[in-house]
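Top to bottom, those sequences are chains A and B. Using numbering that gives the first Met the number 0, you'd call the opening residue of the first sequence number 0 and step up by one each time. Using numbering that gives the first Met the number 0, you'd call the opening residue of the second sequence number 0 and step up by one each time. In this text, a Cβ means the ideal position worked out from N, Cα and C, and glycines have one as well. Just so you know, these numbers come straight off a predicted model, no measurement behind them.
Protein chains: 2
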Amino acid sequence: MSTNSAPDEGSPWPKKTDRTRSRALKREAVMTMAVRFFNEKGFHATSLDDVAKALNVTKPTIYHYFRNKDEILFECVVQGLHSIADAAGRVEAQGGTGLERLKSLAYMYAICMTQDFCICISRTADHELSPASRARFRALKREIDQTMRQVIRDGIADGTIAPESERMISFTLAGALNWIARWFDPEGPMSREEVAQSVVSILMNGVAAEAGRGTPVRAPESS
Amino acid sequence: MSTNSAPDEGSPWPKKTDRTRSRALKREAVMTMAVRFFNEKGFHATSLDDVAKALNVTKPTIYHYFRNKDEILFECVVQGLHSIADAAGRVEAQGGTGLERLKSLAYMYAICMTQDFCICISRTADHELSPASRARFRALKREIDQTMRQVIRDGIADGTIAPESERMISFTLAGALNWIARWFDPEGPMSREEVAQSVVSILMNGVAAEAGRGTPVRAPESS
DNA sequence: TCAATTTTTTACCCGTGAGTAACATCCAGG
DNA sequence: CCTGGATGTTACTCACGGGTAAAAAATTGA
């Protein structure tokens, strides 16, 4: 990384490191504040003046750390996506049946969805991002989706997951899990762990009691 | 309605009716066009000039039929909510066990979520509405939620629905169902009926095959 | 202490889009 | 045919907010 040949072992830390560290810290501070606004008021309704004021600085200061508003949003969702992808990666490596791994994955996913950067994912429609960011956003989401589908396929293969369409299962799970971001309240009656536990259990075992399992849907007459 | 005392029985329809009818038709036309833009580009990113141009009129014409932009969005989501509430009402009246009624409700809900006005509900964050509209929006959603919870309670009482938390069940279902609005593509491989059928079946019966039902979630180590 | 660099501010520009005023047009009914 | 209401247009106002230029302030290294 460094261009000078002197060893980095010297006790007094090189200034450069300190500089970049504090710069990174300030970027983080901007993102943490911004994501809170985005989640509460929405991306469009949040002005960078709002964010700046909340950080006790002025708008151009923010532009010293980010190229534009889009970049801030993008880095927020990427941060969230990384935390989910990490969890997914850990689960993929873990042993067990397909169902066991899917449970772990869904549980971790649910936990993530109660935190700011992931909440931001769920609330961000991709048309809010610039075309370039949008493409990368979608690609990252697809990666996670692929991991999930692989686990589902494994589970269907080993007989622990019901042989429904893998595509429909992943959409259904993603829906229920992403939706958590919309209603979870950290001040509410249940902890994030309890919520995750409960939602996953419902998804895995279904809503029906043992008795009525497998009966077809009866739609009411007319449209 | 009319101030004149003459009977409305005359064969040639009174002009007043015609007027109000065409006015209503034009309001509808505006909404149908607007909702398409809202769903595709988002509410904030849609300008009324866009909508007007697509209808071959100018912006002030739209203001002749709606007080402001908020009113348009509000009436769109209300239209969607009414279609869901109607379905919910029909299901509530229908006989059968709690589970059977919940299945019907979820099925109808899913069908609705593939249509423009309901898609708009799912994509509309309530901070996009004015405080007044937002309150009514929430109230309508709560009504539907109450109906759903009642059905769930009935099902738990009659033993056809698993005795999980009614609140968690309704959130999980709502999430999976509302999410349909985000990914369903009428041009895609499955019809709306097939999608609804499949999602409902997964929700009711769960993802797990018979074998692995009821085993607890194992979270991967660390966070 | 002084020069160079980074960080932050003040003071702007400018495009966009909601909403309006005032004028034109079209139609009924007397 | 002429008047009044409904419908539509042109031509605007105006606030808001993303983004920038340039100067000031703070920091660092010598």
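- Interface residue (Cβ-Cβ distance to chain A less than 9 Å): Arg122 (chain B) is classified as such.
- Straight across, the Cα-Cα distance linking Phe73 (chain B) with Asn177 (chain B) is about 18 Å.
- Ala86 (chain A) has its alpha-carbon roughly 16 Å from the corresponding atom of Leu98 (chain A).
- Of all alpha-carbon atoms in A:Arg66, A:Ala33, A:Lys68 and A:His43, the one lying nearest the alpha-carbon of Ala53 (chain A) is that of A:Ala33.
- Rounded to whole angstroms, Glu39 (chain B) and Met30 (chain B) show a C-alpha spacing of 14 Å.
- Its chain contains Leu47, Asp48 and Ala51 as the residues whose beta carbon lies nearer than 6 Å to that of Lys58 (chain A), once the 5 sequence neighbours on both sides are disregarded; these appear in chain order.
- For Met203 (chain B), the nearest CB of chain A lies under 9 Å from its own CB, placing it at the interface with that chain.
- In the structure shown, Ala175 (chain A) adopts helical secondary structure according to DSSP, grouped into three states.
- Straight through space, the alpha carbons of His43 (chain B) and Val77 (chain B) are spaced by roughly 19 Å.
- With contacts defined as CB atoms closer than 9 Å, Val206 (chain A) and Ala161 (chain B) qualify as a contacting pair.
- Inter-residue distance for Ala28 (chain A) and Ile61 (chain A) is about 10 Å (C-alpha atoms, whole angstroms).
- By the rule that beta-carbons nearer than 9 Å mark a contact, Pro162 (chain A) touches chain B.
- As far as DSSP is concerned, Ile110 (chain B) takes part in no beta bridge.
- Listed along chain A is no residue with a C-beta nearer than 8 Å to that of Arg20 (chain B); the closest approach is about 23 Å.
- Within chain A, the C-beta atoms nearer than 7 Å to that of Arg212 (chain B) come from Asn204, in chain order.
- In chain order, Arg100, Ser103 and Leu104 place their CB closer than 6 Å to the CB of Val90 (chain A), counting only its own chain and leaving out the 5 sequence neighbours on each side.
- Beta-carbon to beta-carbon, Gly158 (chain A) and Ala208 (chain B) are separated by about 6 Å, close enough to satisfy the 8 Å threshold.
- Ser164 (chain B): not part of any alpha helix (DSSP H); DSSP gives it neither H nor E.
- Of all residues in the segment 118-149 of chain A, the ones placed with a Cβ closer than 8 Å to any Cβ belonging to chain B are Arg122, Ala124, His126 and Glu127, in chain order.
- For Glu127 (chain A), no alpha helix (DSSP H) encloses it, and the DSSP letter there is neither H nor E.
- Ranking B:Cys119, B:Leu172, B:Ile151 and B:Arg212 by CA distance to the CA of Gly95 (chain B) puts B:Ile151 first.
- With respect to chain B, the C-beta atom of Val198 (chain A) has a partner C-beta closer than 9 Å.
- Interface annotation for the segment 22-35 of chain B against chain A: empty, criterion Cβ-Cβ distance under 7 Å.
- At a beta-carbon threshold of 8 Å, the residues of chain B lying near Gly41 (chain A) are His43, Ala124, His126 and Glu127, ordered along the chain.
- In its chain, beyond the 5 residues on either side, Phe36 and Phe37 have a beta carbon closer than 6 Å to the beta carbon of Thr45 (chain A).
- When rounded, the separation of the alpha-carbon atoms in Ala180 (chain B) and Gln114 (chain B) is 8 Å.
- DSSP lists A:Ile160 as the beta-bridge partner residues of Ala207 (chain B).
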